[in-house]
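Sequential numbering from 63 applies to the sequence shown in this note's numbering.
The block underneath contains the structure these notes are about, expressed in structure tokens.
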Amino acid sequence: MTIMLRRSRSPFQVGVLLALFLISIMSALFFPDVATSTARELGAGLGRLMYGGTAVAAGVALAGIWRPGVNGLLVERVGLISMAFWVLGYGVAVFINSGARGVQFGGYMLAVAVMASWRAWQIGREARELATVQHLADTIRED
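Okay, here's the thing in structure tokens:
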């Protein structure tokens, strides 16, 4: 019996996570200089928290990408789910504060939240497949 495992991660995903990580860190550290008008309306504390939360979530997802096995997948999934919530919150804040002017950027943030959620769902499927293969391999070794 041959079992094929698919890893659906792409260089695009890694690039987006890396960009969000770097941009969010810089935005949190240099908030007054780089914050968007929407982030400034949230206030320095909440704005830095939002950028910092996005940076930590992207960093956790990146750490999971480079860890092997099921544990790496699950770490990546935790980071993506967290990032989905942070960028969803930011997207909603953009819509509330900017109205129709915020459709483009708020829509982008909502799209990132949907993509992160979709990837987290894929990871759940991949982790189940990998756990099954590991269980089968352990069973075969015991025999």
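We treat Cβ as the ideally placed atom computed from N, Cα and C, and that holds for glycine.
Identity of the residue in the options nearest residue i by Cα
i	options	result
W183	F147, A162, L198, I143	I143
L135	V176, A189, S99	A189
A81	Y152, V140, A120	A120
S179	G141, H197, N159, T194	G141
E191	V149, Y170, G131, E138	G131
I127	E204, G164, R181	R181
V118	R163, G161, F83, G169	F83
S99	E204, A146, V137, G168	G168
For residue i, the three-state DSSP class (helix, strand or coil)
i	result
A163	The question names Ala, but residue 163 in the sequence shown is Arg. Helix, per DSSP.
P130	coil
A175	helix
A97	coil
Endpoints, the alpha helix (DSSP H) within which residue i is located
i	result
G77	73 to 91
G126	106 to 127
Own chain partners of residue i with C-beta closer than 6 Å, once the 5 adjacent residues on each side are dropped
i	result
Y113	S86, S89, A90
L150	A175
Residue burial classification, residue i (beta-carbon count within 10 angstroms, cutoff 16)
i	result
T201	exposed
G109	buried
G186	exposed
V156	buried
G77	exposed
R129	exposed
Residues near residue i by beta carbon distance below 8 Å, same chain, minus five either side
i	result
A193	V132
F206	For the chain, the structure presents residues 63 to 205; residue 206 sits outside this window and is missing.
7 Å Cβ shell around residue i - same chain, five flanking residues per side excluded
i	result
Q75	R181
M97	Just to set this straight, residue 97 is Ala in the shown sequence, not Met. Once the five neighbours on either side are set aside, the close Cβ partners of A97 are S89, G109.
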